[in-house]
Structure formats: structure tokens, C-alpha cells
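Reviewing the structure listed below.
2 protein chains.
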Amino acid sequence: MVIGVLGGGQLGRMLALAGIPLGHRFVFLDPAEDAVSADVGRHVRGEYTDPDAIDRFLSGVDVVTFEFENIPPAALDLLAARAAVPLRPGVDALRTGQDRLFEKTLFREVGLEVPDFRVAESPESLHTAVAEIGTPCVVKSRRMGYDGKGQAVLRSPADVTRAWDQIRPTAPGVIVEAFVPFRRELSVIAVRSASGRFEAYPLAQNRHEGGILRRSIAPAPDVSSELQATASAHAKAIMERLAYVGVLAIEFFDVGGRLLGNEMAPRVHNSGHWTIEASECSQFENHVRAIAGMPLGSTSSRPAAMINLIGRPIENALGVLDIAGAHLHWYGKEPRAGRKVGHVTIVGADATATADDLAAKLGLDR
Amino acid sequence: MVIGVLGGGQLGRMLALAGIPLGHRFVFLDPAEDAVSADVGRHVRGEYTDPDAIDRFLSGVDVVTFEFENIPPAALDLLAARAAVPLRPGVDALRTGQDRLFEKTLFREVGLEVPDFRVAESPESLHTAVAEIGTPCVVKSRRMGYDGKGQAVLRSPADVTRAWDQIRPTAPGVIVEAFVPFRRELSVIAVRSASGRFEAYPLAQNRHEGGILRRSIAPAPDVSSELQATASAHAKAIMERLAYVGVLAIEFFDVGGRLLGNEMAPRVHNSGHWTIEASECSQFENHVRAIAGMPLGSTSSRPAAMINLIGRPIENALGVLDIAGAHLHWYGKEPRAGRKVGHVTIVGADATATADDLAAKLGLDR
Chain C
0 MVIGVLGGGQ LGRMLALAGI PLGHRFVFLD PAEDAVSADV GRHVRGEYTD PDAIDRFLSG
60 VDVVTFEFEN IPPAALDLLA ARAAVPLRPG VDALRTGQDR LFEKTLFREV GLEVPDFRVA
120 ESPESLHTAV AEIGTPCVVK SRRMGYDGKG QAVLRSPADV TRAWDQIRPT APGVIVEAFV
180 PFRRELSVIA VRSASGRFEA YPLAQNRHEG GILRRSIAPA PDVSSELQAT ASAHAKAIME
240 RLAYVGVLAI EFFDVGGRLL GNEMAPRVHN SGHWTIEASE CSQFENHVRA IAGMPLGSTS
300 SRPAAMINLI GRPIENALGV LDIAGAHLHW YGKEPRAGRK VGHVTIVGAD ATATADDLAA
360 KLGLDR
Chain X
0 MVIGVLGGGQ LGRMLALAGI PLGHRFVFLD PAEDAVSADV GRHVRGEYTD PDAIDRFLSG
60 VDVVTFEFEN IPPAALDLLA ARAAVPLRPG VDALRTGQDR LFEKTLFREV GLEVPDFRVA
120 ESPESLHTAV AEIGTPCVVK SRRMGYDGKG QAVLRSPADV TRAWDQIRPT APGVIVEAFV
180 PFRRELSVIA VRSASGRFEA YPLAQNRHEG GILRRSIAPA PDVSSELQAT ASAHAKAIME
240 RLAYVGVLAI EFFDVGGRLL GNEMAPRVHN SGHWTIEASE CSQFENHVRA IAGMPLGSTS
300 SRPAAMINLI GRPIENALGV LDIAGAHLHW YGKEPRAGRK VGHVTIVGAD ATATADDLAA
360 KLGLDR
């Protein structure tokens with residue numbers, strides 16, 4: 000099968016690395032000249048809204064998926080008009096994942112609580128919203144946010160104008176969330192097949208700094224089987240509601256053992272990279288299996304820790320290769336500040352401790 | 000680093016799948032239009048002896064390796080004349096691996112016994128050789144044999160002419176080996192780094208039919224630590240003798256607990272495919288690490304079984320995906336009788352039993 004991927008970054012690259020052994024080939028649409036997926040498939044260079052590029056991209060493709068959710072609506076319209084092939088996970092999932100209001104609405108519909116929130120379309124309505132929610136609170140662009148971009152914490156109502164100017168939200172504006180004193184962030188990676196089969200991986204515990212994921216450990220410590228089951232049930236309900244096919248990630252706040260929904264990503268997710276080595280079938284292989292109409296693989300997993308490599312040259316990460324059991328994934332990108340350029344996975348019962356040692360020794364968390 | 004590979008079949012493909020996450024890119028020289036490594040790198044289509052193709056292949060390449068040993072000497076001469084980059088494992092390893100006489104000579108030099116043998120260059124000298132060795136015996140072309148091709152078993156001296164006509168050996172003729180009543184075939188996959196570090200994987204036990212590898216299980220059952228150490232020591236001695244850099248495979252006959260050397264392959268090997276899932280660092284990643292001057296990865300391994308998929312269409316192998324813990328590797332080749340088109344790996348303490356069940360259920364051994 001030929002799989003078309005919107006976006007040609009590291010997620011597309013890892014999808015292909017997992018899907019090629021299943022007999023698939025990959026085509027990537029990405030405007031970047033140096034799209035790193037070009038190493039593992041055909042790269043069509045063009046804008047997502049360029050009809051000509053879309054046509055070249057679709058040529059010979061059997062199914063279309065995406066590696067980022069901020070796909071312009073005009074591109075989706077073009078795809079819908081031209082593609083006789085399925086888009087998986089699908090337009091509903093994509094539109095939901097593109098807008099924090101839609102996400103939260105869906106979360107509530109399936110019984111997943113979220114922090115109290117209001118929407119605002121202007122500095123004026125943001126003032127009102129902040130007054131209602133109270134401070135401290137978090138203002139987030141409804142659309143196009145990632146890696147902490149498009150967010151601001153408000154300590155007092157006086158911060159509203161600064162926050163608005165900092166975020167500079169495009170339509171449809173922002174969302175204001177009550178500040179939740181959460182204990183930790185957890186995420187679940189789940190997959191649903193074309194025939195409706197569902198599987199979830201063990202919950203991961205994630206640590207962010209500066210809005211960027213730094214570390215994930217899985218299974219998250221101190222997770223009861225009830226908590227795992229609750230997270231899985233939420234994912235299942237959301238996926239059924241969206242007639243979802245593929246991998247979905249949901250980030251939760253763990254507030255004293257209660258899960259609140261933070262956000263979802265309708266795609267493979269950074270907090271599931273550890274599944275490459277630690278799971279019988281990785282999130283990447285399972286996404287490919289699902290969208291290709293194949294049966295799902297087992298999500299049975301060993302303990303693992305994942306460290307993101309951010310904005311560093313490869314020379315600075317090669318020390319990883321000296322550590323038995325540490326697996327380097329380099330994405331082939333030019334290092335820039337704040338840019339994810341690779342990750343390291345460690346598998347085994349002492350993965351978390353080994354990751355701590357490794358990160359300290361090689362300065363990987365910097 | 001850009002890694003050039005002579006040959007663009009499934010071994011090159013799996014080298015790239017393992018090496019791309021380390022930040023490398025791959026270029027393949029292969030005369031075949033449909034070389035399956037083209038999915039994971041730049042494919043230069045051309046004969047190995049075509050100076051123009053060699054030049055296009057070498058452009059931008061930092062190190063050259065190969066995925067098959069039957070590279071024409073003229074191609075090696077061309078490479079030596081043009082390449083300012085290292086060929087790894089190297090010409091000595093390649094010339095040795097190309098000729099059964101050189102292999103056996105080297106085996107004996109490092110103290111690895113081999114079945115009694117004679118060389119022959121003509122039907123007449125083959126008569127003499129067979130008379131000296133006795134029947135039954137095995138006649139093998141010294142060069143260009145693989146997957147059982149270029150071999151014949153002689154039950155009586157009267158079979159000499161038939162065997163010669165069947166093999167139709169090119170220069171420098173054939174080798175006649177005493178028939179060894181071996182208990183099983185074992186193989187060791189070992190790797191040596193550019194700085195001389197050595198690692199070996201646990202011995203695999205291999206089952207051939209019709210001269211083609213069907214199954215490997217690893218670690219081979221009933222292998223004492225002494226036997227493992229002996230196999231590793233032979234590999235180490237051979238690699239040091241050849242100043243070897245990369246992965247080497249050696250096949251042994253186990254004759255009542257005594258190892259006799261059968262043959263070597265100066266490359267990644269079918270009997271090491273199980274290392275992709277079962278070892279901390281696979282044979283493919285370790286070969287890439289070695290030739291790229293990186294430190295070796297751990298060969299620590301879980302038990303595994305590997306089943307070759309031979310000459311079947313993919314539809315006929317997809318049932319594998321329904322089995323938890325079974326990993327499909329499809330090479331993207333057109334199925335033809337006797338052609339290796341993929342393999343399946345099963346990991347875990349009950350891998351061998353699961354492989355038996357799977358093979359029976361899906362008819363994978365046929």
C-alpha cells in the first residue's frame with residue numbers, strides 16, 4: 000500500500016520506518032526543502048493549499064494520514080475534493096484536534112472532566128472571561144498552538160493585555176482555563192482499527208519545561224488499574240465518537256488521582272516514542288496498521304524512559320551510544336533553539352534511574 | 000554520515016532502517032530496476048563494474064559497505080582506484096568470503112577445524128579428489144554459491160560427472176568436502192568496531208531445506224557457555240586476522256558438541272535477523288555503528304525464533320499480524336519460487352513453540 004502523509008517531519012519519518020517493514024511505501028507532502036522524511040519516502044515539496052502539489056502528492060496513494068494537526072482547512076477541502084482515498088484518522092478528528100474549544104466540548108461529552116474554562120475573541124471579552132475564571136489562569140490560543148507556543152499564564156487580571164499581545168491569537172480567539180494544581184501530566188496513546196478494535200498503551204508520565212516535552216516514563220508510576228482503565232475508556236469513547244482510525248494521544252492532568260482532560264493530538268505523539276523499543280508493536284506501527292486496514296498489534300510493553308533531545312548538535316548526543324540499552328533516534332534536522340532534533344529511549348526495570356544518570360552525565364535535559 | 004552500500008536488496012534495506020535513526024543516509028548501487036532498498040535511500044542503478052555508475056554511487060559517500068559478497072573483482076578494483084573512503088569490512092574479508100578455499104584456510108589458521116576437503120579444477124581432478132575424500136561427500140563451487148546453489152551431494156564416485164555438469168563451476172573450480180554427520184548447524188553473528196572492540200550475539204540454531212535457511216532460533220538450545228565462548232573466540236580471531244570492521248557471520252556444524260567451520264559471510268546475515276527485535280542493538284544497527292566509527296551497541300538478547308518467508312505473496316503472510324508478539328518484515332520483492340521475500344520474528348521465552356504453532360497454522364515453512 001502507498002501511504003500519503005501530510006507533513007514530512009520526524010513523526011512521518013518514524014511512521015515510515017515502522018511501516019516499510021510491513022510492505023508499505025510512503026509519500027510526504029511538505030513545503031520544507033529539507034523535510035527529514037525524504038530519507039524514507041518520496042517527498043513532494045509544496046504548500047498544503049497548492050492544488051498542483053496536492054495532485055502530485057495523491058498520485059498513486061492508497062490512504063492519506065497526517066503527522067501534525069494544524070493542517071489548513073483549505074488543504075482539507077482540496078483533499079476532500081480530489082481524494083478518492085480515505086483520510087485517516089479523518090476530518091472530524093482533525094477539526095476537533097485543531098481547536099481547544101472543540102476538544103474540551105468533546106471531552107465533556109464523553110464524561111472526561113476538564114478545567115473550568117471560557118472562550119474569548121478579543122481583549123475585552125478576555126477581561127470578562129478572566130474575571131469569571133479568576134487568577135491565576137492560563138490563556139491559550141484555540142488554534143495553532145504547539146510546544147507551549149500560543150500560551151500565557153495570567154497571575155492577575157492586569158496581565159490580560161500583555162497576554163493577548165503575546166499570543167496574538169488568530170480567529171477564533173483564545174480559551175481561558177482555570178489554573179489546576181495538578182500533581183503531574185499523564186498521557187495515553189490509544190489506537191483504533193478500521194474494524195473498530197481498540198487498544199491502549201500504559202499511561203506515560205510526562206515532564207515539560209518551557210512548554211516542551213522533556214521526558215516521558217512509562218508505565219507512569221503509582222497508576223492503579225482503575226486509573227489506567229479510566230484513561231483507556233475515555234480514549235475509547237472519544238475515538239468511537241469520531242469514528243477514529245489510527246493512533247490518538249490524550250494528555251491528562253492528574254489532580255489527586257482524578258483525571259482532567261488537557262488536550263488531544265489526533266496522531267502519533269512524542270509521549271509515545273518509547274513504544275518503539277518497549278512495546279510489542281509501537282505507536283508508529285499500530286498507526287500504520289490501523290490506517291492500512293491491518294489488524295492491530297499488541298500494546299504489551301516493558302518499562303521505559305524517553306528523553307527528548309532539543310536544539311543540540313548530534314556530536315552532543317553521541318555519548319548516548321556508549322550506554323548499553325540506550326537507543327538513539329536522530330531526526331536529521333538542523334539543530335535550532337527549542338527544536339526537537341532527536342530522542343533517547345531506555346528500556347527495562349531500571350529505565351527511569353538510567354535515564355536520570357544519562358541525562359545528568361550527558362546534560363541531555365538542557 | 001552518508002553510507003554507500005553495494006547491493007540494494009533486503010539486507011541493505013534493513014541496514015538503512017537501522018541506520019537512519021542514527022542520523023545516517025544511504026546510497027545503494029544495484030543493477031536491478033526494482034531494488035527494494037530504493038524505499039530507504041538513493042538508488043543508483045548500474046552494473047558494479049560500470050565506472051560511471053561507481054562514480055555516481057560514490058558521490059557524497061563517506062564509507063562503503065556491501066550486502067552481498069559476490070562482488071566482481073573488477074568492481075573492487077574500480078572502487079579501490081576511485082574511492083577516497085574506506086571499504087568496510089574490507090577487501091581482505093571480501094576476498095576471503097568469496098572463496099570457500101580461502102575461508103577454510105583461514106578457519107584452520109585460527110584453529111577452527113573444518114571437514115576434510117580437497118580442491119578440484121576439472122572433472123578429472125574431481126575424480127581424484129572424491130577418491131581421496133571418499134563418498135558420500137559434498138561438492139561445492141568455490142565461488143558464487145548461495146542459498147544452496149552451486150552444490151551437489153555425491154553418493155558414489157560415479158556421480159562425479161553429473162555433479163560437475165550440474166554445478167558448472169567457473170574458475171577456480173570446486174571444493175570437495177567430507178560428509179559430516181552433524182547434529183545441527185549453528186551460527187554466530189559477531190561485530191568488530193573500527194577501534195577493535197568485539198561483541199558477539201548468542202549462537203543461533205538454523206534449519207535449512209533445499210539449501211535455503213528456513214528457521215533460526217536463538218539462543219540455540221543446549222549450548223554450554225564453553226561452546227558459546229569457543230564460537231565467539233573463533234569469530235574474534237578471524238576478525239582480527241582480517242582487520243575486520245562490521246558484522247561477520249560464521250556457520251558451524253555441531254558434531255557431537257565439537258564445532259567445525261562451514262562457511263562465513265562478511266556481512267549481516269539471515270540467521271541474525273531475529274536480533275532486530277530480540278537484541279538491545281540489532282546486527283544491522285551494530286554493522287552501521289561499526290562502519291561509521293561509532294561505538295558498538297549491546298548484544299544482550301532475549302530468546303527469539305525467526306521464520307523465513309519464501310516465494311509467497313504478502314496476502315499469504317498477513318495472518319502473522321494477528322499473532323501477538325509476531326513481527327512481520329516484508330521486503331517489498333516480487334515473490335518467486337525459492338526467493339526470500341520476508342521473515343517473521345517471535346520474541347520471548349516461548350518463541351520457539353509459538354513459531355512452531357504459527358508456522359503450522361499459516362503454512363509458513365512451505
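One line per chain: the protein sequences are C and X, in this order.
The first sequence runs 0 to 365 under my numbering.
The second sequence runs 0 to 365 under my numbering.
Even glycine gets a Cβ: it sits at the ideal position worked out from N, Cα and C.
From a predicted model like this one, the values you see are computed outputs, not experimental measurements.
Among the options, the one whose alpha carbon lies nearest that of residue i
i	options	result
P220 of chain X	X:P30, X:G3, X:T351 and X:M13	X:T351
V113 of chain X	X:P218, X:F252 and X:L5	X:F252
D158 of chain C	C:H326, C:G11, C:T134 and C:V173	C:T134
L258 of chain X	X:E123, X:A354 and X:R183	X:R183
V138 of chain X	X:T169, X:A177, X:K103 and X:E102	X:A177
Y330 of chain X	X:L10, X:V4, X:L5 and X:L105	X:L10
V84 of chain C	C:Q227, C:V62, C:V129 and C:P168	C:V62
A316 of chain C	X:D356, X:L21, X:N69 and X:F67	X:L21
V90 of chain C	C:N69, C:K103 and C:L100	C:N69
I188 of chain C	C:L100, C:V1, C:H42 and C:M238	C:M238
E120 of chain C	C:T160, C:S155 and C:V319	C:T160
D355 of chain X	X:R206, X:M263 and X:I275	X:R206
D297 of chain X	X:E276, X:E314 and X:I306	Checking the displayed sequence, the identity of residue 297 of chain X turns out to be Ser instead of Asp. Ranking X:E276, X:E314 and X:I306 by Cα distance to S297 of chain X puts X:E276 first.
A210 of chain C	C:R338, C:A79 and C:R141	For the sequence presented, residue 210 of chain C should be read as Gly rather than Ala. Closest option to G210 of chain C, Cα to Cα, is C:R338.
Residue i (DSSP reduced to helix, strand or coil)
i	result
A154 of chain X	The sequence as given places Arg at residue 154 of chain X; Ala does not occur at that position. Here R154 of chain X sits in coil by DSSP.
Q165 of chain C	helix
M143 of chain C	coil
L202 of chain C	coil
D33 of chain X	coil
R214 of chain C	strand
S270 of chain C	helix
T127 of chain X	helix
R191 of chain C	strand
L185 of chain C	strand
H23 of chain X	coil
S58 of chain C	coil
R196 of chain X	coil
V287 of chain C	helix
T353 of chain X	helix
G96 of chain C	helix
L5 of chain X	strand
G18 of chain X	helix
A358 of chain C	helix
Bridge-paired residues (DSSP) for residue i
i	result
C136 of chain X	X:L153 and X:A177
E208 of chain X	X:I211
A323 of chain C	Answer by DSSP bridge pairing: none, since A323 of chain C is not bridged.
T298 of chain C	Note: T298 of chain C sits in no beta bridge, so no partner.
H328 of chain X	X:H342
T104 of chain X	Answer by DSSP bridge pairing: none, since T104 of chain X is not bridged.
N307 of chain X	X:H342
H233 of chain C	H233 of chain C pairs with nothing; no bridge assigned.
F368 of chain X	Absent from the model: residue 368 of chain X. The displayed extent of chain X is 0 to 365, so no value can be given.
E262 of chain X	X:E250
L28 of chain C	C:L5 and C:V43
R257 of chain C	C:V254
Under 8 angstroms by beta carbon: chain C residues contacting residue i
i	result
L370 of chain X	Any question about residue 370 of chain X goes unanswered here, given that chain X covers just 0 to 365.
M293 of chain X	L317 and L320
Contacts that residue i makes with chain X (C-beta to C-beta distance below 9 angstroms)
i	result
I345 of chain C	None at all; the shortest Cβ gap to chain X is about 10 angstroms.
Proximal chain C residues relative to residue i, where beta-carbon distance stays under 7 angstroms
i	result
S297 of chain X	A323 and G324
I313 of chain X	G22
W329 of chain X	P20, L21 and G22
Proximity test, residue i beta-carbon vs the ligand PLP heavy atom, cut-off 7 angstroms
i	result
V222 of chain C	The ligand PLP is not part of the structure shown, which contains no ligands of any sort.
Cross-chain neighbours of residue i in chain C, by beta carbon under 9 angstroms
i	result
V39 of chain X	A15, L16, I19, D38, V39 and G40
Listed by chain order, chain X residues near residue i by CB distance under 7 angstroms
i	result
E279 of chain C	A323 and G324
Under 8 angstroms from the C-beta of residue i: neighbouring residues of chain X
i	result
R288 of chain C	L320
Are at least three pairs of beta-carbons, each pair with one atom in the segment 2-17 of chain X and one in the segment 346-365 of chain C, less than 8 angstroms apart? No, they do not touch.
Is the segment 108-124 of chain C touching the segment 227-243 of chain C in the sense that three or more CB pairs, one from each, lie closer than 8 angstroms? Below 8 angstroms, enough C-beta pairs join the segment 227-243 of chain C and the segment 108-124 of chain C to call them touching: three or more.
Kindly confirm or deny that the segment 261-269 of chain C and the segment 233-247 of chain C touch, where touching means at least three C-beta pairs closer than 8 angstroms. Contact between the segment 261-269 of chain C and the segment 233-247 of chain C is present, because at least three Cβ pairs lie under 8 angstroms.
Does the segment 22-34 of chain X come within contact of the segment 42-54 of chain X, defined as at least 3 CB pairs closer than 8 angstroms? In short, these stretches touch, since the Cβ pair count reaches three.
Under 8 angstroms: do the segment 47-63 of chain X and the segment 200-215 of chain X share three or more Cβ pairs, one atom per stretch? No, because fewer than three Cβ pairs between the segment 47-63 of chain X and the segment 200-215 of chain X fall closer than 8 angstroms, the two stretches do not touch.
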